[in-house]
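J.: Dropping a structure here in structure tokens format, bear with me for questions.
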Amino acid sequence: MAKPNPFLALSTAAMALPAFAAPQPVETIVAIKATTYQEEDVPQRDVLAGSDERYKIDIAQFRLLTPVGEKWSLGVDVAYETMSGASPWGTIMGADGEASLIMSGATIRDKRTEVSLTATHHGESRSISVGLTSSDEDDYEARAVSISGEWEMNNKLSTLSLGMSYSNDDIEPTDALRFGRVQREEKISRSLSAGWAQVLNKNSVVHVGLDVTDHDGYLSDPYKLRDVRPDEKLEWALSLKYRRYFDNQNAALHLDYRYYDDDSGINSHTFHTGWHQNFGDNVRVVPNVRYYSQNEADFYRGSDDFGLATTINQSSDFRLSGYGAYTLGVKLIYSALQWDVSLSLDRYISDKSYGHDASDQSHPALLSFNMTSFGLNFRF
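Heads up: the sequence shown begins at -10 in my numbering, then just goes up one per residue.
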């Protein structure tokens, strides 16, 4: 089943003061990256049935970006994941008023392959990109198409970006007949995005973006014992980014904020800051901190209610509860000639007490995890 990839959400921009426009690349870039993501086990006292082991995910990524002719570029991205461990199936309220988890066995094994192709035409002060993405795993297939454009204005001090995408996902849960799950369902998503980047001075740039996404179809989790969600969802997000380079320190400050809201009642705030410190011409160290907070969905329940009709929306998924989370990370980058080598470490912790509008009771499945990434870039 498609599982959110925290390593994507936690990735840090590599350049000290990046431009938001996309001119034709002048060289070919080949990049590889290996990431290990390990969730901490659930305390045994919180598990009523099943395994207390959580997910371990290993991710291998490859990227190729190359100019083609005088006005085109081609990007190829490939990701391969292997996943093992157990996941929460349901939440039961005990006689003591404390919630306990019903977990799957630790026999979940899955793999996912994702391939994306992006072709970009670079014109005078503008670029237009078309992308195709295919993602396949044992029980989930996704196909997506996207188109986006960027236009430079005001002597290249301003950049307007617009984009849209469409995806069609097919869901075929494993062991459907054995556990009474749906056998096959479909989900369709449509997204629109707009952004504006403004160079403030030679050392500062700011970006504001707006994203709107509409989902239709099967939005429930087929692996939960009782998970019934609306078959439509509208969400939007506003993002702000600020980059400032300090000459005296030979360093750059990255500040990001994102506000998210959807019609299921969830709103969230994400703050991210990173300090990109250069040491000479070859070494950069990037400590960073991320804070996330959300309230609970309208149909969230701290424990499953099997007395409700299956037509009534409810979910005990911990990701729909009110909680907050902190991520502490550091990234080391070494550059020499045409090579860049990077190593990053991230520690994530979550708790209801960290949130701005927490649920009444802390969900026992709230995560803590560690993530390690090693990357290698080559330019020629």
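Glycine is no exception: its CB is placed at the ideal position from the N, C-alpha and C atoms. Owing to the predicted nature of the structure, the values given are computational and were not obtained by experimental measurement.
Does the beta-carbon of Pro32 have 16 or more other beta-carbons within 10 angstroms, so that it is buried, or is it exposed?
T.: For the purposes of this step, residue 32 is identified with residue 43 of the sequence shown, where counting begins at 1. Per the 10 Å Cβ criterion, exposed.
J.: What would DSSP say about Tyr343, mapped onto helix, strand or coil?
T.: Counting from one through the sequence shown, the residue named residue 343 turns up at place 354. Correct three-state label for Tyr343: helix.
J.: Relative to the C-alpha of Lys341, which candidate in Ser357, Asp335, Leu326 and Asp329 has its C-alpha closest?
T.: Stepping through the sequence shown from its first residue, residue 341 is reached at position 352. Ranking Ser357, Asp335, Leu326 and Asp329 by Cα distance to Lys341 puts Ser357 first.
J.: Enumerate in chain order the residues of its own chain whose CB-to-CB distance from Ser0 is below 7 angstroms, with the five nearest sequence positions on each side excluded.
T.: Counting from one through the sequence shown, the residue named residue 0 turns up at place 11. Annotation note: pLDDT 34 at Ser0 (below 50); position unreliable, coordinate value reported separately. So no residue of the chain qualifies.
J.: Helix, strand or coil: which one does DSSP assign to Gln33?
T.: On the sequence shown, residue 33 is found 44 positions in, with the first residue counted as 1. Collapsing the DSSP output to three states places Gln33 in a helix.
J.: What is the DSSP secondary structure of Ala388, counted as helix, strand or coil?
T.: This structure does not reach residue 388, given that the chain is present from -10 up to 369, and the question cannot be answered.
J.: According to the neighbour-count rule (16 or more other Cβ atoms, all chains shown, within 10 Å of its Cβ), is Trp328 buried or exposed?
T.: Mapped onto the sequence shown, residue 328 falls at position 339. Per the 10 Å Cβ criterion, exposed.
J.: Since Ala108 and Ser118 are thought to touch, with beta carbons under 8 angstroms apart, how far apart are those beta carbons, to the nearest angstrom?
T.: The sequence position of residue 108 within the sequence shown is 119, counting from 1. The sequence position of residue 118 within the sequence shown is 129, counting from 1. Confirmed, about 7 angstroms.
J.: Can you round the beta-carbon distance between Ser114 and Glu141 to whole angstroms, since I take them to be within the 8 angstroms contact cut?
T.: Position 125 of the sequence shown, counting from 1, holds the residue named residue 114. Position 152 of the sequence shown, counting from 1, holds the residue named residue 141. With a Cβ gap of about 4 angstroms, Ser114 and Glu141 count as contacting.
J.: Check this for me: beta carbons of Glu285 and Ser182, under 9 angstroms apart or not?
T.: Stepping through the sequence shown from its first residue, residue 285 is reached at position 296. Stepping through the sequence shown from its first residue, residue 182 is reached at position 193. No; because the gap between Cβ atoms is not below 9 angstroms, this pair is not in contact.
J.: Nearest to Lys100 by alpha carbon, out of Ile91, Ser331, Trp78 and Glu126?
T.: As a position in the sequence shown, residue 100 is number 111, starting the count at 1. Of the candidates Ile91, Ser331, Trp78 and Glu126, the one whose C-alpha sits nearest the C-alpha of Lys100 is Glu126.
J.: Alpha carbon to alpha carbon, how far is Met72 from Lys(-8)? Give it in angstroms, no decimals.
T.: For the purposes of this step, residue -8 is taken as the residue at position 3 of the sequence shown. For the purposes of this step, residue 72 is taken as the residue at position 83 of the sequence shown. Confidence at Lys(-8) is low in this model, with a pLDDT of 47, below 50, so its placement is unreliable and the value that follows should be read with caution. Lys(-8) and Met72: Cα-Cα distance of roughly 10 angstroms.
J.: Using a threshold of 9 angstroms, state whether the C-beta atoms of Thr262 and Asp245 are closer than that.
T.: Here residue 262 is taken as the residue at index 273 of the sequence shown, counted from 1. Here residue 245 is taken as the residue at index 256 of the sequence shown, counted from 1. In this structure, Asp245 lies closer than 9 angstroms to Thr262 by Cβ.
J.: Does the pairing of the stretch 51 to 62 with the stretch 254 to 272 give three or more beta-carbon distances under 8 angstroms?
T.: no
J.: Which residues in the same chain have their Cβ closer than 7 angstroms to the Cβ of Ser351, if we skip the five residues on either side of it in sequence?
T.: Taking the first residue of the sequence shown as position 1, residue 351 is located at position 362. Excluding sequence neighbours, Ser351 sits near Asp340 and Lys341.
J.: Give every residue of the same chain whose Cβ lies closer than 6 angstroms to the Cβ of Pro211, excluding the five residues on either side of it in the sequence, and list them in chain order.
T.: As a working mapping, residue 211 is identified with position 222 in the sequence shown. Hits under 6 angstroms: Pro162, Arg170 and Val171.
J.: Take Trp225 and list the residues in its own chain whose beta-carbon comes closer than 8 angstroms to its own, dropping the five residues that flank it on each side.
T.: Counting from one through the sequence shown, the residue named residue 225 turns up at place 236. Hits under 8 angstroms: Leu199, Asp200, Val201, Thr202, Tyr249, Asp250 and Asp251.
J.: Classify Phe307: buried if its beta carbon has 16 or more other beta carbons within 10 angstroms, exposed otherwise.
T.: Taking the sequence shown and counting its residues from 1, the one referred to as residue 307 is at position 318. Result: buried.
J.: Can you find the residues in the same chain that come closer than 7 angstroms, C-beta to C-beta, to Ser209, ignoring five residues on each side of it along the sequence?
T.: The sequence position of residue 209 within the sequence shown is 220, counting from 1. Result list for Ser209: Asp216, Val217 and Arg218, in chain order.
J.: Please give the ranges of any beta strand (DSSP E) in the stretch 159 to 243, keeping only runs that are unbroken, at least 3 residues long and fully inside the region.
T.: The qualifying runs are 174 to 190, 193 to 206 and 221 to 235.
J.: Cα separation between Lys22 and Ala298?
T.: Locating residue 22 in the sequence shown gives position 33, counting from the first residue. Locating residue 298 in the sequence shown gives position 309, counting from the first residue. Lys22 and Ala298: Cα-Cα distance of roughly 47 angstroms.
J.: To which residues does DSSP link Leu317 through a beta bridge?
T.: Position 328 of the sequence shown holds residue 317. Per DSSP, Val278 and Arg336.
J.: Roughly how many whole angstroms lie between the Cα atoms of Ser105 and Phe367?
T.: Walking along the sequence shown from the start, residue 105 turns up at place 116. Walking along the sequence shown from the start, residue 367 turns up at place 378. If I take the Cα positions, the gap works out to 20 angstroms.
J.: Measuring alpha carbon to alpha carbon, tell me which of Pro14, Ala75 and Val36 ends up nearest Leu53.
T.: Taking the first residue of the sequence shown as 1, we reach residue 53 at position 64. Here the closest residue by C-alpha is Pro14.
J.: In terms of residues, what are the limits of the beta strand (DSSP E) holding Ile255?
T.: Translated into the one-based positions of the sequence shown, residue 255 becomes position 266. Counting along the chain, Ile255 falls outside any beta strand (DSSP E), and DSSP gives it neither H nor E.
J.: Measuring straight from C-alpha to C-alpha, what distance separates Asn192 and Leu90?
T.: Your numbering for residue 192 matches position 203 in the sequence shown. Your numbering for residue 90 matches position 101 in the sequence shown. Cα-Cα distance, rounded: 51 angstroms.
J.: Output the boundary residues of the beta strand (DSSP E) element that contains Asp99.
T.: As a first step, residue 99 is located in the sequence shown; it is residue number 110 there, counting from the start. Here the beta strand (DSSP E) through Asp99 covers Ile97 to Gly112.
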